Amino acid sequence: MGNLISEALSMGWVAIAILAGLLVYFQVSIADPAAKKRAVFKTFIGIVATFLLFMAIANYKNNFYGENRMLPASLALITVTSFVMAMYFTNLGALLKIGGFMFFVAAFLSGYGNWLPQVEGGFPPKEEKITWDSMTPQQLADKGEEIIFGGIGKSSVQGEIGKGQCPLCHGFQKGFLSERAPNLYGLPERAEKERLADPRYSMNAPAKRDTVEKEACPGCGTGTTAQEYIAESHACPNCYVVAGFGLKGSNDRESQMPKIHKPPISLSLPELAAVDTWMYLREGKEPPSYEDMIKSYEKFIPESDRPKQQEDKPAGAASSLLADGSEPVDQIFAKGQCVSCHVIPGIPGAVGTIGPKLEEGTNAPLRLKDPGYKGTAKSTTEYIMESIVEPSAYVVKPFPDNTMPKVFGQKLSAGALKKIVDYLSQVKVGAPPPKIS
Amino acid sequence: MGLVTRKNLFAIMGLCAMVGLLLLPIVMALPSPAIGEEAPAADAEKKEGDKVEKGRDVYYKTEGIVMGAPAPKTVDGPRDYPRYNFESRVLLWFANQQHLYYGSFVLAVPIFCMIIEFMGVVTKDKALAKRYDQLAYDFIKISLTAYSLTAVLGGILIFTFLTLYPAFFGYLSGIFRPVMHIYALMFVAESGTLYIYYYGWDKMKEGFLKWIHLSMSVVLNIIGTLLMFLANSWIGFMMSPAGVDEQGRFLGNIWHVIHTALWNPLNLHRILGNMAFGGGVVAAYAAYKFLASKTDEDRAHYDWMGYIAMALGVAFLIPLPFAGYWLMREVYAYRQQMGITLMGGLLAWLFIIQATMIGILFLSTNYYLWQAMGRMRGAEKYQRYIKYLVFLLACGYMVFITPHTMVMTPAELKAMGGQQHPVLGNYGVMSAKNGGINVIITTTVLSFVWYMRGNKVSTVSWAKFGNIFMGVFFACAYINIIGLAVYGYYIPANVRVGLSVPQVATTLSCLFFMFALNGVMMKGAKQMGPIEWGKISARSQYALIMLATAFTWMMGLMGYIRSSVRLFWHVNEIMRDNSPWAYTHTVGFAANMISFNVLFFWVSILFVFWLGSLAAKKAPVEAKAGVPGAVPQPAASH
Numbered sequence: 003m004g005n006l007i008s009e010a011l012s013m014g015w016v017a018i019a020i021l022a023g024l025l026v027y028f029q030v031s032i033a034d035p036a037a038k039k040r041a042v043f044k045t046f047i048g049i050v051a052t053f054l055l056f057m058a059i060a061n062y063k064n065n066f067y068g069e070n071r072m073l074p075a076s077l078a079l080i081t082v083t084s085f086v087m088a089m090y091f092t093n094l095g096a097l098l099k100i101g102g103f104m105f106f107v108a109a110f111l112s113g114y115g116n117w118l119p120q121v122e123g124g125f126p127p128k129e130e131k132i133t134w135d136s137m138t139p140q141q142l143a144d145k146g147e148e149i150i151f152g153g154i155g156k157s158s159v160q161g162e163i164g165k166g167q168c169p170l171c172h173g174f175q176k177g178f179l180s181e182r183a184p185n186l187y188g189l190p191e192r193a194e195k196e197r198l199a200d201p202r203y204s205m206n207a208p209a210k211r212d213t214v215e216k217e218a219c220p221g222c223g224t225g226t227t228a229q230e231y232i233a234e235s236h237a238c239p240n241c242y243v244v245a246g247f248g249l250k251g252s253n254d255r256e257s258q259m260p261k262i263h264k265p266p267i268s269l270s271l272p273e274l275a276a277v278d279t280w281m282y283l284r285e286g287k288e289p290p291s292y293e294d295m296i297k298s299y300e301k302f303i304p305e306s307d308r309p310k311q312q313e314d315k316p317a318g319a320a321s322s323l324l325a326d327g328s329e330p331v332d333q334i335f336a337k338g339q340c341v342s343c344h345v346i347p348g349i350p351g352a353v354g355t356i357g358p359k360l361e362e363g364t365n366a367p368l369r370l371k372d373p374g375y376k377g378t379a380k381s382t383t384e385y386i387m388e389s390i391v392e393p394s395a396y397v398v399k400p401f402p403d404n405t406m407p408k409v410f411g412q413k414l415s416a417g418a419l420k421k422i423v424d425y426l427s428q429v430k431v432g433a434p435p436p437k438i439s
Numbered sequence: 009m010g011l012v013t014r015k016n017l018f019a020i021m022g023l024c025a026m027v028g029l030l031l032l033p034i035v036m037a038l039p040s041p042a043i044g045e046e047a048p049a050a051d052a053e054k055k056e057g058d059k060v061e062k063g064r065d066v067y068y069k070t071e072g073i074v075m076g077a078p079a080p081k082t083v084d085g086p087r088d089y090p091r092y093n094f095e096s097r098v099l100l101w102f103a104n105q106q107h108l109y110y111g112s113f114v115l116a117v118p119i120f121c122m123i124i125e126f127m128g129v130v131t132k133d134k135a136l137a138k139r140y141d142q143l144a145y146d147f148i149k150i151s152l153t154a155y156s157l158t159a160v161l162g163g164i165l166i167f168t169f170l171t172l173y174p175a176f177f178g179y180l181s182g183i184f185r186p187v188m189h190i191y192a193l194m195f196v197a198e199s200g201t202l203y204i205y206y207y208g209w210d211k212m213k214e215g216f217l218k219w220i221h222l223s224m225s226v227v228l229n230i231i232g233t234l235l236m237f238l239a240n241s242w243i244g245f246m247m248s249p250a251g252v253d254e255q256g257r258f259l260g261n262i263w264h265v266i267h268t269a270l271w272n273p274l275n276l277h278r279i280l281g282n283m284a285f286g287g288g289v290v291a292a293y294a295a296y297k298f299l300a301s302k303t304d305e306d307r308a309h310y311d312w313m314g315y316i317a318m319a320l321g322v323a324f325l326i327p328l329p330f331a332g333y334w335l336m337r338e339v340y341a342y343r344q345q346m347g348i349t350l351m352g353g354l355l356a357w358l359f360i361i362q363a364t365m366i367g368i369l370f371l372s373t374n375y376y377l378w379q380a381m382g383r384m385r386g387a388e389k390y391q392r393y394i395k396y397l398v399f400l401l402a403c404g405y406m407v408f409i410t411p412h413t414m415v416m417t418p419a420e421l422k423a424m425g426g427q428q429h430p431v432l433g434n435y436g437v438m439s440a441k442n443g444g445i446n447v448i449i450t451t452t453v454l455s456f457v458w459y460m461r462g463n464k465v466s467t468v469s470w471a472k473f474g475n476i477f478m479g480v481f482f483a484c485a486y487i488n489i490i491g492l493a494v495y496g497y498y499i500p501a502n503v504r505v506g507l508s509v510p511q512v513a514t515t516l517s518c519l520f521f522m523f524a525l526n527g528v529m530m531k532g533a534k535q536m537g538p539i540e541w542g543k544i545s546a547r548s549q550y551a552l553i554m555l556a557t558a559f560t561w562m563m564g565l566m567g568y569i570r571s572s573v574r575l576f577w578h579v580n581e582i583m584r585d586n587s588p589w590a591y592t593h594t595v596g597f598a599a600n601m602i603s604f605n606v607l608f609f610w611v612s613i614l615f616v617f618w619l620g621s622l623a624a625k626k627a628p629v630e631a632k633a634g635v636p637g638a639v640p641q642p643a644a645s646h
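So the protein lines, in turn, are chains A and B.
Each residue of the first sequence is one higher than the one before, counting from 3 in this note's numbering.
Each residue of the second sequence is one higher than the one before, counting from 9 in this note's numbering.
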């Protein structure tokens with residue numbers, strides 16, 4: 003307050019001094035006592051109003067970009083000034099009252115805007131053109147880490163997930179329990195020594211494979227090097243399924259992994275090469291060259307199937323969210339990889355058996371009544387939301403705890419979560435599935 | 009007779025000149041389609057051997073020959089973003105908003121003049137006809153004062169654009185080059201027509217000449233509306249570009265560039281918005297003159313003027329939410345993500361403010377009407393029921409502004425345990441909010457009906473039946489609207505959305521059927537006493553000022569929302585904003601900036617009004633001589 007007054011005085015001292023001079027002048031020069039009293043009083047009111055006006059200006063200046071949300075106080079000060087002036091300068095009374103009232107309305111609306119929660123849209127990500135082929139292996143590996151975990155150095159943080167969404171199912175650290183898909187630590191070495199040598203892999207004889215897909219594309223053949231094995235497993239997860247990780251009931255003939263070069267993940271060939279480079283480098287192994295990696299993928303992914311490289315598109319579209327809520331609900335389930343672990347009636351491809359079947363319109367009310375339920379939800383929608391953002395609050399028997407990632411509260415937008423909750427709350431046992439919206 | 013004929017001849021020549029001015033830009037525009045559509049086809053054949061680069065329209069998906077440079081990829085620096093020691097975006101925001109305020113006002117007022125002048129021409133009561141004519145003249149006089157300021161502000165806007173965003177403005181003017189001069193010519197045509205219309209008022213005030221004069225107002229408004237449509241095509245292109253390929257290269261068809269996905273809904277929304285805004289400004293002017301009046305005569309005139317302006321403004325305010333609904337539907341159809349950013353994302357809190365303001369606008373309107381009943385003898389019978397209307401409005405308002413889902417970070421979401429607030433989340437679903445606003449609009453219709461029959465008693469033989477029918481109709485309407493709002497809680501969200509249709513249909517039925525029925529019932533009605541124009545409380549005039557200020561604020565708010573939904577794009581998905589201001593401000597900052605713009609507009613226009621009042625002080629001598637400007641006698645009807 004003290005600062006505001008001193009700043010107002012420093013800004014408006016000339017105007018105030020002139021008015022004070024006028025006041026003295028009227029005091030000295032007007033002979034009629036009544037006229038003198040009127041003139042002096044009006045000038046005094048003028049000085050007060052001027053001072054308030056400069057306080058308002060000083061406050062406006064100080065808080066224009068300020069975060070204390072006090073800027074509407076200026077408008078309130080001007081409202082007071084106008085009404086005070088209107089009382090004594092009656093020839094302009096109507097104008098001043100109307101002006102004052104307008105300032106009052108604006109002060110109220112501005113105050114309201116400042117009272118609401120403040121949300122600021124951050125800066126867009128920098129626009130950068132990526133020249134993959136001129137990158138050093140380390141730069142490529144950094145990109146790979148970003149794709150897998152969402153940022154450089156984030157591979158050591160549990161729960162971080164990037165565009166590739168790999169950590170939703172795979173473990174990456176040595177000894178890390180990985181129940182849904184193989185732990186990828188040691189893969190470059192294992193690929194050559196174990197996988198290619200596995201009779202079920204049937205190197206160079208894809209027709210002998212006992213899997214739902216024999217080859218990534220007609221005539222593609224099988225991998226013959228560690229890198230080709232990795233490329234093939236990305237391009238055609240069904241061509242070879244590591245024992246024990248197949249879709250439940252498929253006897254390891256079918257994988258639950260999606261083809262990550264296809265929507266919704268849609269990694270481009272250079273992005274896949276970056277991911278592989280990180281897997282080699284982080285174990286201190288020398289990766290194949292960028293060109294060789296691209297060739298390995300070209301062997302298994304025909305040109306028509308390759309996602310377009312988005313070099314010229316701004317990175318603005320990229321986001322740390324798996325789904326932002328603008329997608330139809332089936333796509334949100336796909337992007338969140340819910341389909342890999344759950345059966346969700348009405349959602350194509352949702353045939354996973356790692357988690358329970360999601361018929362929450364029927365199940366949620368029963369679980370809320372379960373004496374073993376220790377969560378805080380009171381309704382079906384709250385229960386579903388809780389199971390997504392805090393899966394350990396209640397674990398459906400006989401499924402183990404800590405299988406479902408606890409990152410969906412951060413990785414799905416509020417809109418996406420709402421769509422999921424809305425959909426699942428309408429799924430009931432024996433009833434036709436709800437419409438996808 | 010010879011004199012009259014010569015006058016007629018001059019008037020017809022004046023009208024022809026206006027039509028000529030209107031057609032001039034259209035004739036000038038004819039080569040554009042040739043450049044745009046046919047020439048490339050012909051060229052394509054001619055240059056078949058040559059390599060002609062083709063591009064695909066980002067919106068229409070048609071192929072066209074590339075005829076322009078790609079959108080520049082700007083970088084932050086003095087070349088693309090020269091600046092003063094201040095945020096360029098804020099300066100442009102200010103210049104743009106002021107130009108828009110004044111532009112909207114000067115485009116809306118001639119439409120009012122046309123309507124009021126027409127009412128004056130067709131009414132049989134000569135005293136009333138004279139009053140309407142005088143009122144229309146007063147309106148155009150106010151608009152003329154603001155007209156030159158609009159042009160000055162337009163110049164400031166262009167200079168601000170050129171100085172602070174040269175690359176962006178260069179790109180846009182390159183795309184719109186085929187119609188840039190047409191826009192300028194339209195402006196010349198608008199000015200010429202406006203001056204002929206204004207200065208010809210006295211010369212063409214009776215008989216055939218009056219019809220010619222009225223026709224001139226039609227031409228004036230056609231030019232004004234086309235001018236606005238052209239201006240809208242720029243913002244339509246920035247939001248939903250078309251006629252260019254992915255790189256932003258012009259593909260030769262200027263109609264595609266103009267006729268973007270959002271152009272039509274924007275046009276409709278702006279016409280209605282301008283009219284409501286213009287009504288608000290004129291009503292505020294009348295309120296100012298009323299409060300400053302020294303005589304009963306002046307008070308009577310400005311009271312009447314304020315009422316007419318308010319009624320016209322509100323008449324266009326009522327359909328505005330429906331036009332807004334269409335615009336939003338088109339936004340969702342064009343880019344769902346854009347719609348979500350608006351209604352359920354970054355900008356959603358601004359829509360909460362908008363809902364609050366819509367409520368304020370309707371509350372102010374109702375308050376004014378209730379106050380206005382005080383100047384009618386016989387309206388006392390309705391005043392005792394006003395408390396029930398207050399109750400209905402208050403309940404509708406509370407429901408309308410209650411948010412159902414809120415914009416939250418995942419952490420906040422977790423803390424709250426869901427996207428809905430534990431208490432508030434039970435309320436404010438879409439059908440209930442629709443119910444809230446429809447109750448408010450229906451109550452406003454009821455207030456208008458009561459006001460219109462305030463000092464009258466119907467004399468038709470079926471008056472009793474008519475009154476009962478109206479009562480039952482309104483009661484059923486409320487039951488239907490509120491019943492559907494409650495029913496919405498028992499059905500899934502996707503089904504619930506569909507309830508808005510019967511709710512809106514109910515409100516519109518009340519609006520059209522009840523106004524029509526009331527009109528028929530009150531034809532030749534017995535008057536309980538005159539409307540004592542001028543005998544209205546000063547508080548009512550503050551309601552008009554509240555209406556005007558709130559509408560100006562809402563216009564600023566909606567303009568900001570529409571513009572900022574592009575986020576970090578100058579032209580959505582075509583030309584990226586690489587300036588240091590490519591982020592979205594907080595709600596508080598936006599509110600402060602909107603307030604600044606609103607107050608600057610009002611302070612400047614009050615200054616213009618005050619200047620006008622200085623000139624008017626010389627008028628009484630002329631007024632007695634009977635020229636326009638004379639204060640008309642209050643009439644008994646409205």
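Each residue gets a CB set at the ideal place from its N, CA and C atoms; glycine is no exception.
Bear in mind the structure is a predicted one, so any value in this text is a computation, not a measurement.
| request: Could you check the C-alpha separation between Thr226(A) and Asn206(A) for me, to the nearest Å? | output: 8 Å
| message | Using a Cβ-Cβ distance cut-off of 8 Å, determine whether Leu622(B) contacts chain A. | response | no
| said: Tell me which residues share the same chain as Ile569(B) and place their Cβ nearer than 6 Å to its Cβ, disregarding the 5 neighbours each side in the sequence. | reply: Leu355, Leu358
| message | Any beta carbon of chain A sitting closer than 8 Å to that of Leu592(B)? | response | Correcting the residue type first, residue 592(B) is Thr in the shown sequence and not Leu. Yes, its Cβ sits closer than 8 Å to a Cβ of chain A.
| field | is_contact[Tyr90(A), chain B] using C-beta, thresh 8 Å | value | no
| task | Report all residues from its chain with a CB closer than 6 Å to the CB of Trp334(B); omit the five preceding and five following residues, and keep chain order. | result | Pro273
| task | Assign Phe258(B) to one of three DSSP states: helix, strand, or coil. | result | strand
| message | Considering just the uninterrupted stretch of the beta strand (DSSP E) at Glu273(A), what are its terminal residues? | response | Premise fails: Glu273(A) lies in the alpha helix (DSSP H), 271-283, not in any beta strand (DSSP E).
| request: May I ask you to list the residues that DSSP assigns as paired with Trp577(B)? | output: Arg584(B)
| request: Whole angstroms is fine: what's the gap from Leu259(B)'s alpha carbon to Lys81(B)'s? | output: 19 Å
| Same chain, Cβ closer than 8 Å to Lys380(A), five either side skipped, listed in chain order | Leu370
| task | Mind checking which residues open and close the beta strand (DSSP E) that includes Ile73(B)? | result | 71-73
| task | Work out the CA separation of Pro119(A) and Ile448(B) for me, nearest whole Å. | result | 27 Å
| Lys55(B), buried or exposed, once every other Cβ within 10 Å from all chains shown has been counted against 16 | Confidence at Lys55(B) is low in this model, with a pLDDT of 49, below 50, so its placement is unreliable and no value can be given for it.
| message | Could you check whether the segment 234-243 of chain B touches the segment 199-215 of chain B, counting it as contact only if at least three pairs of C-beta atoms, one from each stretch, sit closer than 8 Å? | response | no
| field | Chain-ordered residues of the segment 171-204 of chain A with a beta carbon less than 7 Å from chain B | value | none
| field | Closest by C-alpha distance to Leu516(B), when choosing among Phe113(B), Lys302(B), Val227(B), Ile326(B) | value | Ile326(B)
| field | Cβ distance (whole Å) where Lys210(A) is taken to contact Ala237(A) below 8 Å | value | 19 Å between Cβ atoms; not a contact.
| query | Using a beta-carbon distance below 8 Å, is Gly596(B) in contact with chain A? | reply | yes
| task | Please say whether Gln549(B) and Phe147(B) have beta carbons closer to each other than 8 Å? | result | no
| query | Of all the options Leu454(B), Tyr206(B), Val339(B), which has the alpha carbon lying nearest to the alpha carbon of Met522(B)? | reply | Leu454(B)
| query | Is it the case that the Cβ atoms of Lys413(A) and Leu323(A) are separated by a distance below 8 Å? | reply | yes
| field | Terminal residues of the beta strand (DSSP E) in which Lys399(A) lies | value | Lys399(A) -> no beta strand (DSSP E), and no H or E assigned at all.
| query | Residues of chain B with a CB under 8 Å from the CB of Phe103(A): which are they? | reply | Tyr550, Ile553, Met554, Thr557
| message | Residues of chain B with CB closer than 7 Å to the CB of Ala96(A), please, in chain order. | response | Tyr296, Leu299, Ala300
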